[in-house]
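Residue numbers (this note's numbering): 12 to 181.
Cβ coordinates follow ideal geometry from the N, Cα and C atoms, glycine included.
This one's a predicted model, so the numbers in the text were calculated from it and none came from an experiment.
Here you go:
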């Protein structure tokens, strides 16, 4: 839900709507869900490795599991016959720089940026929020400035408050 609100801001900034973007926002961390369900003991090992050695979340996943959740999610999306665009958005949502010059789509970059905004806001980060990725190349790619990120933070804060108010009513 929070990623959807960030994407609404991106839509306003870039004047485009994209159903694939919403779908990618909803399923980008499917690899994490699979790991938590089928390899729950890995979470503690990953957390220890991050705090002990100061490695990134992805590096810790790769060290412990020999694969990271984004790559696993991309493989799952391929197995489920997701469109290539969604599969790539899932697989590259932490490393869009590895997406390659042959691809022209922005989806992995947008999912990365939205995910990083959530992590910066402390939304749904879990142990991944212990490390941050550099967003400046992606901000440059889209011509975004720091004040654009501030707009995103404001919208997120407002939407979080609305969600809290709604949950109190229910």
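{"Asked": "What residue ranges within the region 70 to 130 form continuous alpha helix (DSSP H) runs of no fewer than 4 residues, ordered along the chain?", "Found": "80 to 90, 95 to 102"}
{"Asked": "Hey, would you say residue 120 sits closer than 7 Å to residue 149, going by beta carbons?", "Found": "yes"}
{"Asked": "Shorter than 6 Å, the distance from the beta carbon of residue 78 to the closest heavy atom of the ligand FMN, or not?", "Found": "You won't find the ligand FMN in this model; it holds no ligand whatsoever."}
{"Asked": "Would you mind reading off the limits of the alpha helix (DSSP H) that contains residue 60?", "Found": "52 to 64"}
{"Asked": "Taking all protein chains shown into account, decide if residue 49 is buried (16 or more other Cβ within 10 angstroms of its Cβ) or exposed.", "Found": "exposed"}
{"Asked": "Locate the alpha helix (DSSP H) running through residue 133, then write down its first and last residues.", "Found": "No alpha helix (DSSP H) contains residue 133, which DSSP labels as neither H nor E."}
{"Asked": "For residue 156, report the span of its alpha helix (DSSP H) as first-last.", "Found": "Element bounds for residue 156: n/a, residue is neither H nor E."}
{"Asked": "Are there 16 or more other CB atoms within 10 angstroms of the CB of residue 145, so buried, or fewer, so exposed?", "Found": "exposed"}
{"Asked": "Compute the Euclidean distance between the alpha carbons of residue 163 and residue 133, then round it to the nearest angstrom.", "Found": "13 Å"}
{"Asked": "Using 8 Å for Cβ pairs, my map puts residue 101 next to residue 76. What's the rounded Cβ distance?", "Found": "Rounded, the Cβ-Cβ distance is 16 Å, inconsistent with contact."}
{"Asked": "State the DSSP-derived secondary structure class of residue 176, mapped to helix, strand or coil.", "Found": "helix"}
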